[in-house]
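In my numbering, the protein residues as written are 18 to 365.
Shown next as structure tokens:
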């Protein structure tokens, strides 16, 4: 994509700082670590820096020695880095864990309606018959990667089904933007806000489908996914702030700019490859610089956020602390920039 404005060497140095700062965090085997290590995995895959693989492998092996928790939808986010570790090392223990997570999602995780994965954060029935955008990253995207690697059409179709139903439950066709969650029991979107990071989870994971799924155009579900993404990204352009970021409630000018959502949305634009997005990506590259500390901490990232009860619930979530998802989505964005020339635009 001609016109992206960044310096490759500076970007590689920035990635290195972010990876180093991320590895100083005491992340547990759960979704914050899953997103963070997905970002490190992408950094390794693009830069081929063996240090990133070694750091991640050493920590994951430590987790294995300490013992792992019960699987949940959120804990399956760790499957992303396990795929990379297996591909890089060939060690079967990593793939065995990948398949254990896939088996949990396929056969044990709570589902409702047309076999839609219910969002869970513990071994309990946390949110009965609720669909959250978060599940696309933690589970659907992961299942798709497993299905493609295994050449297993049943798993691929299951993953694509998750995308299709989350689109139907969560995207507003009138605006193109995504709600945070949907309650199938009540038949509503609960508080009904366009949460920034929910839109990042949706946009980024949808952008990846055409990249990782061979002959994606032969799957009818893909046309739903790419159609949804096109509408969403067109809408997201209109709510980008003058600083190049996106807000924690996208269409609320009184809510703060939230950096993890901004990274995820910008990363989706980079992957999608639409030349009409160039100026929005460049505006983001410039504007986000002031939200990165010298040692690689991504700042102004909102804390873990449930589907809040009201507008103030979202606006009052703290953004004072380092978060694994902020680090990981930043790395996904910068790796995507460096890997841009290897991306293919789906043309749809």
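Ideal placement from N, C-alpha and C gives every residue a C-beta, glycine not left out.
The count of Cβ pairs closer than 8 Å, one atom from the segment 46-64 and one from the segment 343-351, reaches three, so the stretches are in contact. In the three-state reduction of the DSSP assignment, residue 205 falls in the strand class, which pools E and B. Taking C-beta atoms under 8 Å as the contact rule, residue 165 and residue 89 fail to qualify, at a distance of about 23 Å. Approximately 5 Å separates the beta-carbon atoms of residue 245 and residue 184; this is inside 8 Å, confirming the contact. DSSP places residue 167 within a helical segment (H, G or I) once states are collapsed to three. Per DSSP, the unbroken alpha helix (DSSP H) holding residue 105 starts and ends at 96-106.
Just so you know, the alpha carbons of residue 86 and residue 113 end up roughly 15 Å apart. Bounds of any alpha helix (DSSP H) do not take in residue 340, whose DSSP letter is neither H nor E. Only residues of its own chain outside the window of five on either side were considered, and among them 265, 266, 269, 271, 272, 273 have a CB closer than 8 Å to the CB of residue 332, listed in chain order. Taking C-alpha positions only, residue 62 is separated from residue 250 by approximately 26 Å. Annotated three-state conformation of residue 138 is coil, per DSSP. In the three-state reduction of the DSSP assignment, residue 334 falls in the coil class. In the DSSP annotation of this structure, residue 232 is not part of any beta strand (DSSP E), being labelled neither H nor E. Apart from the 5 residues on each side of it in sequence, residue 207 sits with its Cβ closer than 7 Å to the Cβ of 198, 200, 324 in its chain, given in chain order. A direct Cα-to-Cα measurement between residue 136 and residue 209 gives close to 17 Å. Counting along the chain, residue 60 sits inside the alpha helix (DSSP H) bounded by residues 48-64.
By the C-beta density criterion, residue 234 is exposed, having fewer than 16 other C-beta atoms within 10 angstroms. Nearest to residue 238 by alpha-carbon distance, out of 167, 182, 44, 205, is 182. Here residue 352 has 59, 60, 63 as same chain residues with Cβ atoms under 6 Å from its own Cβ, once five neighbours each way along the sequence are excluded.
Residue environment for residue 292: exposed (fewer than 16 other C-beta atoms within 10 angstroms of its C-beta).
At a Cβ-Cβ threshold of 8 Å, residue 111 and residue 103 count as neighbours. Of the residues assessed, residue 48 falls on the buried side of the cut-off, its CB having 16 or more other CB atoms within 10 angstroms.
Between residue 93 and the set 160, 225, 129, the nearest pair of CA atoms involves 160. Contact fails between the segment 314-323 and the segment 294-303, because fewer than three Cβ pairs, one in each stretch, are under 8 Å apart. In the same chain as residue 34, and ignoring 5 residues on each side of it, the C-beta atoms closer than 6 Å to its own belong to 313, in chain order.
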